[in-house]
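Q:
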Amino acid sequence: MTVESTAARKPRRSSGTKRAAGAASAAKAAAATAQNAEPQLVQLLTPEGERVESAENAEFAPFVADITTEDLRGLYRDMVLTRRFDGEATALQRQGELGLWASLLGQEAAQIGSGRALRDDDYVFPTYREHGVAWCRGVDPTNLLGMFRGVNHGGWDPTINNFHLYTIVIGSQTLHATGYAMGVAKDGADSAVIAYFGDGASSQGDVAEAFTFSAVYNSPVVFFCQNNQWAISEPTERQMRVPLYQRAQGFGFPGVRVDGNDVLACLAVTRWALERARRGEGPTLVEAYTYRMGAHTTSDDPTKYRRDEETAAWEAKDPILRLKAHLVATGGADEAFFEGLEAESETLGKRVREVVRAMPDPDTMAIFENVYADGHALVDEERAQFAAYLASFEEGH
């Protein structure tokens with residue numbers, strides 16, 4: 001019996017096959033070039049802080065026509081204090097006070113712009129990095145740290161601020177948001193729902209399901225994707241072959257790409273999307289094209305997969321420096337304003353350190369509370385077993 005070799009079994013390529021393979025390679029190269037090219041996006045402030053007026057942003061500029069100089073100073077303050085809080089949390093983790101931290105460094109404009117677009121009766125479903133949105137919703141920043149210190153599962157009541165608890169499972173909050181939005185629509189309310197997620201989460205099946213349900217049921221939900229270029233260590237070109245916002249077309253609703261480092265553009269586009277939802281026009285996908293300046297979390301080392309030149313290029317687009325340049329150029333803020341804000345940020349940093357270090361350990365038995373509304377025999381049995389286990393240490397066993 002003759003056994004045919006692998007080489008013999010492998011079909012030979014004809015010249016036509018070779019040409020087809022060459023064309024496919026060229027197409028892939030062209031797609032990669034397009035992916036890495038400067039994207040078309042809605043921008044109202046350039047990296048140098050200059051206002052932009054163009055056909056691309058004409059539809060959205062009216063949504064920030066009411067923004068005053070005082071409002072711009074408020075947006076700047078939000079971003080500065082959010083960055084200071086985030087930096088303090090990162091330092092606390094390095095000092096052993098937190099188990100982990102997911103930094104938002106570089107994404108302040110996307111979060112503050114979209115967060116300030118919300119009405120009080122709108123509802124937010126975040127991931128675990130939306131510290132700026134939490135700030136806009138009135139959640140005490142120190143409450144965000146309890147989970148990362150391991151003393152609670154989320155230190156705030158979602159119903160008070162209409163800001164759901166942080167979601168660690170990637171992408172699942174988009175389904176929660178869609179279901180909630182379907183309920184809002186059935187209740188006849190004119191409020192909207194917004195779900196935050198990252199570019200990596202957009203590859204999750206949960207997100208695709210949320211897109212499908214929201215489109216079919218015309219749910220008043222805005223999907224706000226912060227495309228920070230890296231899903232941990234995977235760049236966007238390894239996740240998708242088309243710009244992320246274009247994915248919405250396949251589900252039957254619009255998608256918009258906005259400059260995620262432009263707080264004014266993020267505010268305008270999010271207001272536009274929320275108004276669509278309130279008018280009963282269904283979901284929208286907003287892709288905030290931004291950059292994660294720091295690590296994915298404090299357990300990550302981005303120097304292993306990112307080039308310094310890439311990070312430096314994005315540092316020149318810093319969202320805070322961009323708005324500061326605009327305020328200075330237009331006379332919207334003076335040195336006294338910036339000095340006062342620096343002092344305020346120092347006060348915030350001190351308070352965060354003091355509160356975190358003073359957080360009490362939770363009651364050991366609290367894990368069994370509120371599992372069921374009316375109690376459960378199995379939980380009671382588990383509580384008794386665990387209590388006996390803890391008591392054994394006190395007895396010296």
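Residue numbering for the sequence shown follows the numbering used here, starting at 1 and increasing by one per position.
By construction, the Cβ of each residue, glycine as well, lies at the ideal position given by its N, Cα and C atoms.
On a predicted model such as this, the values are computed, not experimentally measured, just so you know.
#1: What three-state label does DSSP hand P220 in the structure shown?
#2: Expressed to the nearest angstrom, what Euclidean distance is found between the alpha-carbon atoms of S299 and N261?
#3: Please report how far the alpha carbon of T69 lies from the alpha carbon of V42, in whole angstroms.
#4: Going by the CB atoms, is the gap between G115 and G132 shorter than 8 Å?
#5: For D380, does the count of other Cβ atoms within 10 angstroms reach 16, so buried, or fall short, so exposed?
#6: Can you tell me where the beta strand (DSSP E) with L348 in it begins and where it stops?
#7: Could you say if the stretch 277–296 and the stretch 343–357 meet the contact criterion of at least three C-beta pairs nearer than 8 Å?
#8: Could you check how far apart the C-beta atoms of F60 and W272 are, in whole angstroms? I think they sit under 8 Å.
#9: In this structure, how does DSSP classify F253 when only helix, strand and coil are distinguished?
#10: Starting from the N-terminal side, write out each stretch of the beta strand (DSSP E) that is 3 residues or longer and does not extend beyond the stretch 185–243.
#11: Using DSSP bridges, identify the partner residues of L285.
#12: If we ignore side chains and look at the alpha-carbon of each, how far apart do C136 and S203 end up?
#13: Please report the straight-line C-alpha distance between L378 and A391, rounded to a whole angstrom.
#14: State the Cα-Cα distance for the pair D334 and V328, rounded to the nearest angstrom.
#15: Just verifying my parser: in three-state terms, what is the DSSP assignment at F125?
#16: My output table needs one value for F60: the three-state DSSP class, helix, strand or coil.
#17: Between P283 and S214, what straight-line distance do the alpha-carbon atoms span, to the nearest angstrom?
#18: Decide if P319 is buried, meaning its Cβ has at least 16 other Cβ atoms within 10 Å, or exposed.
#19: Cα separation between F223 and R77?
#20: Just mark R129 as buried or exposed, buried being the case when its beta carbon has 16 or more other beta carbons within 10 Å.
#21: Could you tell me the distance, in whole angstroms, from the CA atom of A277 to the CA atom of T270?
#22: What is the C-beta distance between L75 and S345, in whole angstroms, given that I count them as a contact (C-beta under 8 Å)?
#23: What did DSSP end up calling L44 once you bin it into helix, strand or coil?
#24: Going by the beta-carbon positions, is the gap between L98 and L145 smaller than 8 Å?
#25: So, helix, strand or coil for R279, using DSSP?
#26: Along the alpha helix (DSSP H) that carries R83, what are the first and last residues, could you check?
#27: Kindly provide the ranges of any alpha helix (DSSP H) runs that are 4 or more residues long and lie completely inside the stretch 127–182, ordered along the chain.
#28: In chain order, what residues of the same chain have a beta carbon less than 6 Å from the beta carbon of L264, not counting five sequence neighbours either side?
#29: What span of residues does the alpha helix (DSSP H) with Q111 cover, start to end?
#30: Output the distance between the C-alpha atoms of A192 and D157, rounded to the nearest integer angstrom.
A: Short version:
#1: coil
#2: 25 Å
#3: 21 Å
#4: yes
#5: Exposed, since its Cβ has fewer than 16 Cβ neighbours within 10 Å.
#6: From DSSP, L348 is part of no beta strand (DSSP E) but of the alpha helix (DSSP H) over 335–357.
#7: Touching, no, given that fewer than three Cβ pairs across the two stretches are closer than 8 Å.
#8: 5 Å
#9: coil
#10: Within the stretch 185–243, the complete beta strand (DSSP E) runs of at least 3 residues are 193–198, 221–227.
#11: F223, G255
#12: 28 Å
#13: If I take the Cα positions, the gap works out to 20 Å.
#14: 7 Å
#15: strand
#16: coil
#17: Going by C-alpha positions, P283 is about 6 Å away from S214.
#18: buried
#19: 26 Å
#20: buried
#21: 11 Å
#22: The distance from the Cβ of L75 to that of S345 is about 15 Å, inconsistent with a contact at the 8 Å cut-off.
#23: Coil, per DSSP.
#24: yes
#25: coil
#26: 69–94
#27: 131–136, 145–149, 158–161
#28: Setting aside the 5 residues that flank it on each side, L264 is surrounded in the same chain by L44, L45, V64, each with a C-beta closer than 6 Å to its C-beta; the list follows chain order.
#29: That run of the alpha helix (DSSP H) goes 108–115.
#30: 19 Å
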